[in-house]
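Mind the numbering: the sequence shown is residues 32 to 222 in this note's numbering, read in order.
Ideal Cβ positions, reconstructed from N, Cα and C, are used throughout, including at glycine.
Taking it in order: structure first as structure tokens, then the write-up.
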Amino acid sequence: MKGKILIVPGYKGSPAGHWQTWLEGHYPNSDRLKSVNVNQPILSTWSEEIERFLVQQNEPVTLVAHSFGCLAAAHAIAKHKRQVNAALLVAPASPHRFTEQGHITHYPTSPSISESLPGSPLGVTGLIMASQNDPWLAYPDAHELAVRWGVRFHNAGYVGHINIESGHGPYPKIKSLLDNLITTTETAAIK
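Shown next as structure tokens:
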């Protein structure tokens, strides 16, 4: 596989035992977005750090994001799609839970980041994997994001927020979805 894989954690991170940490161990060409404070979900800051990583690479990057990281990844992709090979967006968080300053509980009178996110297809090969009982984003809203962003959609079933708290450490299905995305983009590049 050409290019790097960038792991973009969600709000509060993906510590040891999280599927992102497990997945990172399977790809020697992977890196993690470490330059953000995972306890301060500020869309512009996270997006700028993803963008900085993308433009520093010689080849397109595959993004693997979780929760709030999916929102930041989509925001960055909208500006730098040529630097993106593919995007796997797992259990995106609701944009209504965040403001431009951070989590809505800390800024209850500020508008959400909904209007700051892309309103049209991202223009990259991508997939949203969503849970039917995710407390961070209603299933129909996850499907609507996939349609709006022009990416495929995968119903993961009733698996919560797809994190440690919902019992998801090592997650072979996510690795399989990622491998398929990478194969799809490599095959398309050959044609």
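Look at residue 159 here: in three-state DSSP terms it is strand. Taken atom to atom, the span from the alpha-carbon of residue 177 to that of residue 159 is near 6 Å. Excluding its 5 nearest sequence neighbours in each direction, residue 142 has C-beta neighbours in its own chain below 7 Å: 130, listed in chain order. In this model, residue 107 and residue 82 are separated by some 6 Å (Cα to Cα). Within the region 88-122, the complete beta strand (DSSP E) segments of 3 residues or longer fall at 92-98, listed in chain order. The beta strand (DSSP E) runs of length 3 or more contained entirely in the region 53-92 are, from start to end of the chain, 61-63. Where residue 178 is concerned, the enclosing alpha helix (DSSP H) starts and stops at 170-180. Taking a contact to require three or more Cβ pairs closer than 8 Å, the region 147-155 and the region 180-197 qualify as touching.
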